[in-house]
Amino acid sequence: MEYNIYFLKACCAIAAAICMGIGSIGPAIGEGHAVGKALEGMARQPESANDLRTNMILGCAVTETTGIYALLISFLILFAVNV
Numbered sequence: 069m070e071y072n073i074y075f076l077k078a079c080c081a082i083a084a085a086i087c088m089g090i091g092s093i094g095p096a097i098g099e100g101h102a103v104g105k106a107l108e109g110m111a112r113q114p115e116s117a118n119d120l121r122t123n124m125i126l127g128c129a130v131t132e133t134t135g136i137y138a139l140l141i142s143f144l145i146l147f148a149v150n151v
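Just add 68 to the spot in the sequence shown (first one is 1) and you have the numbering used here.
Here it is as structure tokens:
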């Protein structure tokens, strides 16, 4: 069964869009939750703001790697798949 090249490229584009859509929801929710809780902790105990800020930035960096992996997979789907 022979497929049209434009159909396959369109399928790759749709797959990359779905990958980024699903892969970016988790980090966005996670980072928003982490920042919200860190700000809540800073408001309750201002003397521990430096420790909370450091841990929040580290947590956001780790959470963001999921979105970067999704971006990498999207690029692989778009450009590394020779159709």
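Ideal Cβ positions, reconstructed from N, Cα and C, are used throughout, including at glycine.
_Whole angstroms are fine: how far does the CA of isoleucine 73 sit from the CA of valine 149?_
The residue given as residue 149 occupies position 81 in the sequence shown. The residue given as residue 73 occupies position 5 in the sequence shown. About 12 Å.
*asked:* In this structure, how does DSSP classify glutamate 108 when only helix, strand and coil are distinguished?
replied: Translated into positions along the sequence shown, residue 108 becomes position 40. Residue state, collapsed to three classes: helix.
*asked:* Tell me the DSSP secondary structure of valine 149 in three-state form.
replied: By one-based count along the sequence shown, residue 149 stands at place 81. Coil, per DSSP.
*Span of the alpha helix (DSSP H), counted from its first residue to its last, around leucine 144*: Position 76 of the sequence shown, counted from the first residue, corresponds to residue 144. Counting along the chain, leucine 144 falls outside any alpha helix (DSSP H), and DSSP gives it neither H nor E.
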